[in-house]
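A short write-up of the structure that comes next.
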Amino acid sequence: MILTRKKKATFTTGAIAIALLLSGSLAWQNLNQHKNNSFSTANFEHHIVLVENFTEVTNWKKGEAVTKSVAVRNGEDNNDTNAIYQDGFIRLQFKEYMEIGSREYVYTRHRYMIDTQGNFYRFDTKEAAESFLATLNLTDHDYDLEDDQRIEKLKGYFDKQEYYYIRTQAHDPNGQYGNYIVTGITGDDMTSIVDGVENHADSSRTDKQHDVKPAQNDQSTYTIKKWDGVESPFDEYVKWQLGSEVITLQEWIAGGKQPVAKWIIDTNSDQGYVYWGQALEHSNVAKIPSTMTPNFLESVTLVKQPTGTANYQINVSMDAVSQDDLKLWIDGNPDIIDMLGGDQTPGFSIDDKGVGDKIIFADHEYTIEYIDEKNRTALILGDFIPGNILNEMNIINYGGEIRYILTNDEYDGYEESYLKQVIDKFYEVKVSTHEDNVFVLPAIFQVEGFDPSNWNVKNDKFSYIHENGLKTAFALAVSDINYYKMTDVYLADGTGSWLRSPGGDVDQAGTIYTDGKLYAGQVFNHINLVRPALWISIDR
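Sequence positions in the sequence shown follow mature numbering (1 follows the signal peptide of the UniProt record, and there is no 0) and run -27 to -1, 1 to 513.
In structure tokens:
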């Protein structure tokens, strides 16, 4: 019996022994020699941790992005490698709280002299202030103060020390515009920007860390961060920068509802959940993305400076369960939970077929060129589009063959080619309107750069499934053939067909020859058949 790491097993040795005794007719028994073989199972262990990187900020300024990264890891460096751990299934919920204090300045009773730049005249010594006054050569007026009355020693609220200031008079330079000095600030009564929500972490402004949960620290009542596009009061002041591996629910659905090593934002949830899109495996080595997720949140930026003192808090809750306990997420997204539980969206049934076998998809025959069993997807290559179908679609062809490009004698890329126009038209007319189109997955398909000496060994611009890709048919590339290790025998169908890749010369594009090997043909002077490729979800 083979024991797998992720399945629970129960062993009943008594039942096994009985089965052995009854399996044959025994002429005699020798019970003098015996030995018990015991089998036992270890309990599953869990070690899933929230990983944060944050440095406390006490003087947050507008435009300043503060690192506040959040990720999740299944394991720790010193975890016992002999223990059995379960995969984890993760979701996060963020909540926000912000309060702003009212602020009023306390000013001096009198105005004090300023220069033409608006700066106060202030001096470290009284003598320096007197010397400055003497340089002004002011005309004496009956209502003027004496010099010793004009010079006052005081400390403004923003001063680091006491200075000597000069009270202004009407006939002084800038006399009418002398300014008051701020000596203090009153107020700072903090008010939540969301009505009815109270601060449950008052001590966090003085305590650096809570070793024990403080009494009445009910941060669960804070405002849930939602992702439905509706503006919240926090958006006026704070902007979040999310990680690169984050997609929306709509993007995940467009990608075929498949497991994905990305964070999925449930934009429909009033609970604001974000889900890690596949099982998080355990390891004592942190490895992104299999055992440690990439960051969901990278940083936060203050986009508007509050008029008073402000306090902003982010509360994050991690919900980690085993696959058996996904059912506890009764308020979760059913499609995501079904996917994490193994109930993926049904794919196109290929039964027991494998690479090299033929299938009929959307009433056209295709060869299976590559299968991803884990993600239940396949790359299929259609037989050539016959001339009568091309004629129906008003495609310029020569017995089913076409030129790669119609107006130039140099390769100018797949995007501008007639080949792409033909395949796009075929997908629009024959596939997108068929019921099988539901199984077509969005894909990204790039094109290799021009490289005359190595054009036929390229493997860096292969097509792949991506939620931001296009749900359409496309021509294979040299990179597809090399990266997915497609064999000549499965590519050959007794015809020659165009690839989307450049060939070995400026006027050439790659082709699959009749024997399935790579060749090249002139984009204008040669004609070849058209074979559409598709990425699809599959089922068995």
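For every residue, glycine included, the Cβ atom is placed at its ideal position computed from N, Cα and C. Remember, predicted model here, so these are calculated numbers, not experimental data.
Helix, strand or coil at residue i according to DSSP, with G and I counted as helix
i      : result
Asp132 : coil
Gln394 : helix
Leu215 : strand
Ile500 : coil
Gly169 : coil
Trp33  : coil
Ser272 : strand
Ala227 : helix
Tyr400 : helix
Glu365 : helix
Tyr195 : coil
Val233 : coil
Phe93  : strand
Ile454 : helix
Val411 : helix
Leu111 : coil
Asp162 : strand
Gly157 : strand
Leu253 : strand
Proximal residues to residue i (C-beta, below 8 Å), its chain only, five neighbours per side dropped
i      : result
Met163 : Glu72, Ile73, Gly74, Asn172, Thr282, Asn284
Gly36  : Thr274, Leu275, Val276
Classification of residue i by the beta-carbon crowding that lies within 10 angstroms, buried from 16 upward
i        : result
Ile333   : exposed
Gly373   : buried
Asn361   : exposed
Arg123   : buried
Asn32    : exposed
Tyr94    : buried
Tyr130   : exposed
Gly91    : exposed
Tyr371   : exposed
Gln251   : buried
Asn47    : buried
Glu383   : exposed
Thr179   : Here Thr179 scores only 47 on pLDDT, less than 50, and its place in the model should not be relied on; the value that follows carries that caveat. The residue in question, Thr179, is exposed, as its Cβ has fewer than 16 Cβ neighbours within 10 Å.
Lys(-21) : Here the model assigns Lys(-21) a pLDDT of 29, short of 50, so the residue's position is not dependable, and the following value carries that caveat. Lys(-21) should be labelled exposed.
Asn367   : exposed
Opposing strand residues paired with residue i [DSSP bridges]
i      : result
Ala506 : Leu354, Phe447
His337 : Phe334
Tyr85  : Arg140, Asn152
Glu25  : Val43
Phe321 : Ile511
Val247 : Leu65, Ile238
Met265 : Arg46
Asp433 : Bridge partners of Asp433: none, in fact.
Arg349 : DSSP output for Arg349 lists no bridge partner at all.
Lys126 : Tyr137
Host beta strand (DSSP E) of residue i (start-end)
i      : result
Pro475 : 470 to 475
Val462 : It is not in any beta strand (DSSP E) - Val462 instead sits in the alpha helix (DSSP H) that spans 461 to 464.
Arg64  : 62 to 80
Ile237 : 236 to 238
Met291 : 283 to 294
Glu492 : The residue you asked about is not Glu; residue 492 is Tyr in the sequence shown. Residues 491 to 495.
Thr484 : 481 to 485
Sequence-distant residues of the same chain with beta carbon closer than 6 Å to residue i, five excluded per side
i      : result
Pro505 : Gly355, Ile396, Phe399, Ala446
Gly329 : Tyr463
Asp267 : In the sequence as displayed, the identity of residue 267 is Pro instead of Asp. Around Pro267: Gly216, Glu218, Ile261.
Leu377 : In the sequence as presented, Leu is not what sits at residue 377; that position holds Tyr. Only Ser390, Leu392, Trp471, Ala482, Val496 meet the Cβ criterion.
Phe435 : Ser452, Asp453, Tyr456
Gly315 : none
Leu379 : Tyr391
Met459 : Glu342
Ile511 : Gly320, Phe321, Ile323, Arg349, Ala351
Gln214 : Glu271, Ser272
His407 : Ala335
Val255 : Per the sequence shown, residue 255 should be read as His rather than Val. Excluding positions up to five away in sequence, the list reads Asn47, Gly48, Tyr58.
Span of the alpha helix (DSSP H), counted from its first residue to its last, around residue i
i      : result
Thr108 : 99 to 108
Leu313 : 307 to 313
Gln122 : 120 to 123
Cut-off 7 Å between Cβ atoms - residues of its own chain near residue i, not counting five sequence neighbours on either side
i      : result
Gly469 : Thr484, Ile485, Tyr486, Thr487, Asn501, Leu502
Ser426 : none
Pro206 : Ile166, Val167
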